[in-house]
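Numbering (my numbering), first residue to last: 256 to 561.
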Ligand SMILES: CC(C)(COP(=O)(O)OP(=O)(O)OC[C@H]1O[C@@H](n2cnc3c(N)ncnc32)[C@H](O)[C@@H]1OP(=O)(O)O)[C@@H](O)C(=O)NCCC(=O)NCCS
């Protein structure tokens, strides 16, 4: 079985200003560990092709140790499905802190898919998930429009991608991408809710195109749903090549946040009233997805840290 375990110590510089492991760093640790496993499965370069979900179930705190288990679930010609679980060790006990499912593709020196030798048996459920991903990817690629026009509350986050953000093949490293995504979307959640927030989950994303070192990354984030204490921030990620004057859609996703008070307890937020038919449709879609997401999250939380 293809499986790795990686250990991380939560130090003060990994935490936010209220003492919890930063959501973006938490997610980047899950991606680091899946990447370590993928490098042994693929025996060479690879890229993160998609994430089905990442749930942050329990916050980790300073001095906790997070053991991340990565397990390959199935492989095909060039792609591998990997599950990650982050287990928090505290006072001699261990609890599930985070869980995610993602797919990697082995690539050659030009970033194109290449066959792998490893064979990890698939099964009907894995085949169904794979078919859904490819369908989802098609739908994402069909709508390359900007996210912010037409949305009541949103912000754009822009930065240059330097070598410090890159992978060995000159492409933005997915762990860094998640740290930036979490920061960008948490800013939208905090500004809207006028206080602190916890990242609860990151939704599905298919990475259509790479972001290269030297590109400008733009993350557009907008409030797409508000509950009593939680809110969904939708995102569209773009790579801008300022030499060619092009702007390419990299992916679309949604992060869920919970607004918290000074004691870390959920606090009520204002409901966002949709200002247009377009915004109302997005909110309805997010509400439907959210019911499904919560159901899946509850099942996954039962998973053990073995
Ligand atoms: C991932 C990538 C290399 C796939 O290239 P592509 O031309 O779309 O791929 P193809 O249609 O030829 O399919 C090749 C394989 O990738 C798999 N694949 C493609 N998109 C996928 C997705 N969204 N999720 C899971 N697997 C996917 C296919 O199933 C196929 O698998 P197989 O060879 O095992 O049968 C390409 O989309 C890419 O470069 N994306 C950006 C990746 C990136 O930058 N990641 C870092 C994010 S910060």
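Where is the CB? At the ideal position from N, CA and C, for every residue including glycine.
Nothing here was measured: the structure is a model prediction, and the numbers come from that model.
DSSP places residue 322 in no alpha helix (DSSP H) but in the uninterrupted beta strand (DSSP E) bounded by 320–330. When distances are taken from the beta-carbon of residue 392 to the heavy atoms of ligand 1, the shortest one is below 7 Å. Taking a C-beta distance under 8 Å as the contact criterion, residue 356 and residue 556 do not qualify as a contact pair. By the neighbour-count definition (other C-beta atoms within 10 Å, threshold 16), residue 506 is a buried residue. Under the DSSP assignment, residue 485 falls in the beta strand (DSSP E) whose first and last residues are 485–496. The shortest C-alpha to C-alpha distance from residue 316 to any of 342, 406, 429 is the one to 342. Contact between residue 333 and residue 296 does not hold, since the beta-carbon distance rounds to 11 Å and is not under 8 Å. Taking the C-beta atoms as reference points, residue 456 is found no nearer than 8 Å to residue 524. Contact between residue 475 and residue 402 holds: CB atoms are separated by about 4 Å, below the 8 Å threshold.
In the DSSP assignment, residue 335 falls within the beta strand (DSSP E) that extends over 334–345. For residue 419, no beta strand (DSSP E) segment is defined, and its DSSP state is neither H nor E. Here the distance from the Cβ of residue 426 to the nearest heavy atom of ligand 1 is below 7 Å. Note that the stretch 465–475 touches the stretch 417–434; at least 3 beta-carbon pairs, one per stretch, sit closer than 8 Å.
Cβ-Cβ distances below 8 Å link residue 381 to 328, 329, 336 in the same chain, with the five nearest sequence neighbours on each side left out; the list follows chain order. Not a single heavy atom of ligand 1 lies less than 7 Å from the C-beta of residue 363. Between residue 302 and residue 257 a beta carbon distance of about 18 Å is seen, past the 8 Å cut, so the two are scored as non-contacting.
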